[in-house]
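Trainee:
Number of protein chains: 2
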Amino acid sequence: MVGKSQIKFIKSLQLKKYRKLNGLFVAEGVKLVNELLQADLTPEGVYTTDPKLLIPQFSSFEVISESVLQKMSGLKTPNKVLAVFRIPESKQAVLEEWTLALDGVKDPGNLGTIIRLCDWFGIPQIICSEDTVDCYNPKVLQATMGSIARVKIVYTSLATLLKDSEHSAWGADMHGENIYDLRFPTSGILVMGNEAHGISDEVGALLAKKVSIPQVGPSTAESLNVATATAVLLSELRRKGS
Amino acid sequence: MVGKSQIKFIKSLQLKKYRKLNGLFVAEGVKLVNELLQADLTPEGVYTTDPKLLIPQFSSFEVISESVLQKMSGLKTPNKVLAVFRIPESKQAVLEEWTLALDGVKDPGNLGTIIRLCDWFGIPQIICSEDTVDCYNPKVLQATMGSIARVKIVYTSLATLLKDSEHSAWGADMHGENIYDLRFPTSGILVMGNEAHGISDEVGALLAKKVSIPQVGPSTAESLNVATATAVLLSELRRKGS
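Residue numbers (my numbering), protein chains in the order written: chain V, 1193 to 1434; chain Y, 1193 to 1434.
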């Protein structure tokens, strides 16, 4: 039986403040929860309206009614499974080959989409500035489509990291060099900036190179969305064999 | 003075049903409204809490209070300007050079992001299947960041169009040929499918080629988001000079 106070507690984890306080986050939906159950994460509670939807090797769950799920859920249309997981201990950034760094990305959908991109393009780790949106935000988790289980996310001071790193950093910038004309080094850090303001001055000053995606035709479009720009840059990185 | 019935009418345009019925749509925010006022569109009403925010050449507006704007708006945090525009007469699809076609894209954020991508990469027209989300949906408009003013959108039967067209169609498909190894023809139609189901069987049967973006490393990621996949494919198209 799931009591009122437990429902209220789970609902509170929609907010970053309570996720931090308790070291827990909530994941919803059959696909996302099953991906996380197969990853190296500790489930603290798994709730479902239909146990057949969970991966067969997982047997420790509570069956709940649709109306209890509705009360626990942060979604308008809850999707049969909800689980509470422990937030992994925060890890040290370990730079190998290519790493993606995010400098103040604020939109949960963008961060989630970028995590999914890194999973696709084989980038094992994302380093986020402290002011980047929390990767355990429910909207981020939804947008990752489960890729959060396979990409390591580290929050730290980007400026400190870049200063101490022997890897050179390339940053996306509207006035940078044409990415199609460049060869990527065999290792490095690719930095993407905030949706409205781009890369901060502090981090910008530490870049070895600024790169851009050429615009075509007479458009007056000001920029690409940060997730789509990341898609193009990671595709270029992988196409060229780095 | 903006009366209660007018507020109610404007609010009703959040729904596709009332947009279709009245041939009108609502745009919100300083940037988006100013971009649309400069485009070839007919404004039926422009409301602002601060007239200095509108482009100077535009002088026919009503000044309203924050609380009236709040009542008219579909946004949680309304952004100072709201305008009602006439939906342009639906145009014939005219195929030149490269055209993007969307087969059942449902998510407003994805469609808006794809419109912004086409603006950036110089694709003047998007052809949408009838079941693709309405491009005058407020969430689509927000995600376009004003690019809706510069990209022509046509809704039609994709199957009929492809059958009648002399341009060959390439479609994004998980099992398609590696896009990095291919040369694009000088003209064509690039088809992107639905978020969950990809390209429909009917449209798939009319494709000249299926293309894919190679996955890197050991990930079990199932797919890329349709907007980020479109970003990579349009980048490849332009990089190769088509």
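Ideal Cβ placement from N, Cα and C applies to all residues, glycine included.
Here the structure is a predicted model, which is why all the values come from computation and not from measurement.
Excluding the 5 residues flanking L1402 of chain Y on each side, which residues of the same chain have their C-beta closer than 6 Å to its C-beta?
Mentor: Going by the sequence as given, residue 1402 of chain Y is Lys instead of Leu. If we look at K1402 of chain Y and ignore the five residues flanking it on each side, its Cβ neighbours are G1363, D1365, G1368.
Trainee: DSSP state of D1326 of chain V, grouped into three classes?
Mentor: D1326 of chain V falls in the coil class under three-state DSSP.
Trainee: For the stretch 1283–1315 of chain V, enumerate the residues whose C-beta is nearer than 7 Å to any C-beta of chain Y, in chain order.
Mentor: Against chain Y - using a Cβ distance shorter than 7 Å - the residues of the stretch 1283–1315 of chain V are G1301, T1305, R1308, L1309, D1311, W1312, F1313, G1314.
Trainee: At which residues does the beta strand (DSSP E) containing A1293 of chain V begin and terminate?
Mentor: Its beta strand (DSSP E) spans residues 1290–1295.
Trainee: Any beta-carbon of chain V closer than 8 Å to the one on N1417 of chain Y?
Mentor: At least one chain V Cβ lies under 8 Å of N1417 of chain Y.
Trainee: Would you report the Cα separation of R1278 of chain Y and E1236 of chain Y, rounded to the nearest angstrom?
Mentor: Cα-Cα distance, rounded: 7 Å.
Trainee: What number of angstroms, rounded off, separates the C-alpha of G1433 of chain Y from the C-alpha of N1370 of chain V?
Mentor: About 14 Å.
Trainee: By Cβ distance below 6 Å, which residues in the same chain neighbour K1208 of chain Y in space, the five residues on each side in sequence not counted?
Mentor: Excluding residues within five positions, the ones whose Cβ falls inside 6 Å are D1326.
Trainee: For L1228 of chain V, which of V:I1247, V:E1394, V:A1388 has the nearest alpha-carbon?
Mentor: The option with the nearest alpha carbon to L1228 of chain V is V:I1247.
Trainee: Let me confirm a value: T1412 of chain V is counted as buried when at least 16 other C-beta atoms fall within 10 Å, else exposed. Which label applies?
Mentor: Label assigned to T1412 of chain V: exposed.
Trainee: Can you grab the Cα-Cα spacing for the pair P1410 of chain V / S1360 of chain V, in whole Å?
Mentor: Between P1410 of chain V and S1360 of chain V, the C-alpha separation is close to 34 Å.
Trainee: Please determine, among Y:N1271, Y:W1290, Y:P1377, Y:W1312, the residue with the shortest C-alpha to C-alpha distance to A1219 of chain Y.
Mentor: That would be Y:N1271, whose Cα lies nearest to the Cα of A1219 of chain Y.
Trainee: Please state whether the Cβ-Cβ distance between Y1347 of chain Y and S1392 of chain Y is less than 8 Å.
Mentor: Against a cut-off of 8 Å, the Cβ pair of S1392 of chain Y and Y1347 of chain Y comes out as no contact.
Trainee: Between the alpha carbons of S1257 of chain V and L1398 of chain V, how many angstroms are there, rounded?
Mentor: Their backbone Cα atoms lie some 54 Å apart in a straight line.
Trainee: In this structure, does DSSP put T1234 of chain V in helix, strand or coil?
Mentor: Here T1234 of chain V sits in coil by DSSP.
Trainee: If the cut-off is 7 Å on Cβ atoms, which residues from the stretch 1394–1411 of chain V count as contacting chain Y, listed in chain order?
Mentor: Under the 7 Å Cβ criterion, the stretch 1394–1411 of chain V contributes I1405, Q1407, V1408, G1409, S1411.
Trainee: DSSP three-state call for R1375 of chain V: helix, strand or coil?
Mentor: Correct three-state label for R1375 of chain V: coil.
Trainee: Is the stretch 1307–1324 of chain V close to the stretch 1336–1346 of chain V, with three or more CB pairs under 8 Å?
Mentor: Short answer: they touch.
Trainee: Please report whether the beta-carbon of S1339 of chain Y lies at a distance below 8 Å from any beta-carbon of chain V.
Mentor: Yes, S1339 of chain Y counts as interfacial toward chain V.
Trainee: For a quick check, are the C-beta atoms of A1275 of chain Y and P1300 of chain Y less than 8 Å apart?
Mentor: No, they are not a contact pair.
Trainee: Among all the DSSP beta bridges, which residues are the ones paired with S1404 of chain V?
Mentor: DSSP output for S1404 of chain V lists V:N1370 as bridge partner(s).
Trainee: By Cβ distance, which residues of its chain are closer than 6 Å to I1306 of chain V, with the 5 residues on each side in sequence left out?
Mentor: Result list for I1306 of chain V: A1419, T1422, in chain order.
Trainee: Can you name the residues of chain V whose CB is closer than 7 Å to the CB of A1423 of chain Y?
Mentor: Within 7 Å Cβ-Cβ: T1420, A1423, V1424.
Trainee: Does the beta carbon of R1342 of chain V come closer than 8 Å to any beta carbon on chain Y?
Mentor: By this cut-off, R1342 of chain V is an interface position.
Trainee: Can you tell me whether P1330 of chain V is buried or exposed? The criterion is at least 16 other CB atoms within 10 Å of its CB, across all chains shown.
Mentor: By the 10 Å Cβ count, P1330 of chain V comes out buried.
Trainee: Any idea what DSSP makes of L1354 of chain Y, helix, strand or coil?
Mentor: It is helical.
Trainee: If we ignore side chains and look at the alpha-carbon of each, how far apart do A1293 of chain Y and T1234 of chain V end up?
Mentor: About 43 Å.
Trainee: DSSP on I1381 of chain Y, reduced to helix/strand/coil?
Mentor: In the structure shown, I1381 of chain Y sits in a strand (DSSP, three-state: E or B).
Trainee: Using a cut-off of 7 Å between C-beta atoms, extract the partners of R1430 of chain Y located in chain V.
Mentor: Here the neighbours are V1408.
Trainee: Of the residues V:T1240, V:G1304, V:C1310, V:T1324, which one's Cα is nearest the Cα of V1332 of chain V?
Mentor: Of the candidates V:T1240, V:G1304, V:C1310, V:T1324, the one whose C-alpha sits nearest the C-alpha of V1332 of chain V is V:G1304.
Trainee: If the cut is a Cβ gap below 7 Å, which residues of chain V does S1427 of chain Y touch?
Mentor: The answer, in chain order, is I1405, V1424, S1427.
Trainee: Using DSSP bridges, identify the partner residues of F1217 of chain Y.
Mentor: BP columns for F1217 of chain Y point to Y:F1277.
Trainee: Hey, could you find the ends of the beta strand (DSSP E) I1256 of chain Y is sitting in?
Mentor: Segment: none, I1256 of chain Y is in no beta strand (DSSP E) and carries neither H nor E.
Trainee: Mapping DSSP to helix, strand and coil, what is A1285 of chain V?
Mentor: Of the three classes helix, strand and coil, the one that applies to A1285 of chain V here is coil, per DSSP.
Trainee: How far does the alpha helix (DSSP H) with I1307 of chain V in it extend, from its first residue to its last?
Mentor: Where I1307 of chain V is concerned, the enclosing alpha helix (DSSP H) stretches over 1300–1312.
Trainee: Determine the burial state of E1394 of chain Y: buried for a count of at least 16 other Cβ atoms within 10 Å of its Cβ, exposed for fewer.
Mentor: Per the 10 Å Cβ criterion, exposed.
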